[in-house]
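What follows is a short report on a single structure.
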Amino acid sequence: MEIIIGSMPPLPAQGKKLPEKSTGAIEAQLLHVRPPRKGIAGPSGMERRNKESSDPIRGRVLTIMVPDASQLPADIDVTRYDVSIRLIRK
Numbered sequence: 004m005e006i007i008i009g010s011m012p013p014l015p016a017q018g019k020k021l022p023e024k025s026t027g028a029i030e031a032q033l034l035h036v037r038p039p040r041k042g043i044a045g046p047s048g049m050e051r052r053n054k055e056s057s058d059p060i061r062g063r064v065l066t067i068m069v070p071d072a073s074q075l076p077a078d079i080d081v082t083r084y085d086v087s088i089r090l091i092r093k
């Protein structure tokens, strides 16, 4: 039998753990390809007259689906990320 008098040592302070920077490839499926926007009409009649941005003339808009969203950064909705793609024909 052990008798311990006193208190246990304090635990070290643990800071908020940030997710590791993902540098690996994330597999995704290409769902749709469309040409860039040409006009000022937005969704449901919302116009983009006040915005200075426009799609590049030679650009294409790609819609992709990532099957495992846990591979994506948690703040992908609110943070701007640069994305590099590598297309592999199946």
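Note that our numbering has the sequence shown beginning at 4, numbered continuously upward. Where is the CB? At the ideal position from N, CA and C, for every residue including glycine.
Exercise. DSSP beta-bridge partners for VAL64?
Worked result: Here residue 64 corresponds to residue number 61 of the sequence shown, with the count starting at 1. Per DSSP, ARG37.
Exercise. Which residue's Cα is closest to the Cα of LEU90: PRO15, LEU33, ARG37 and SER73?
Worked result: Translated into positions along the sequence shown, residue 90 becomes position 87. It is LEU33 whose Cα lies nearest to the Cα of LEU90.
Exercise. When the Cα atoms are used, what is the spatial distance from ILE67 to ALA77?
Worked result: Taking the sequence shown and counting its residues from 1, one reaches residue 67 at position 64. Taking the sequence shown and counting its residues from 1, one reaches residue 77 at position 74. Going by the C-alpha atoms only, they are around 18 Å apart.
For this session: Can you tell me which of ASP58, ALA31, GLY27 and PRO38 puts its alpha carbon nearest to the alpha carbon of LYS93?
Result: Here the question's residue 93 lines up with position 90 in the sequence shown. The residue with the shortest Cα to Cα distance from LYS93 is ALA31.
Exercise. Does the distance from the C-beta atom of ASP58 to that of ARG40 stay below 8 Å?
Worked result: Within the sequence shown, numbered from 1, the residue matching residue 58 stands at position 55. Within the sequence shown, numbered from 1, the residue matching residue 40 stands at position 37. Result yes, Cβ atoms of ASP58 and ARG40 sit closer than 8 Å.
Problem set entry | Check whether LEU14 and VAL36 have beta carbons under 8 Å apart | Along the sequence shown, one-based indexing puts residue 14 at 11. Along the sequence shown, one-based indexing puts residue 36 at 33. Going by C-beta atoms, LEU14 is not nearer than 8 Å to VAL36.
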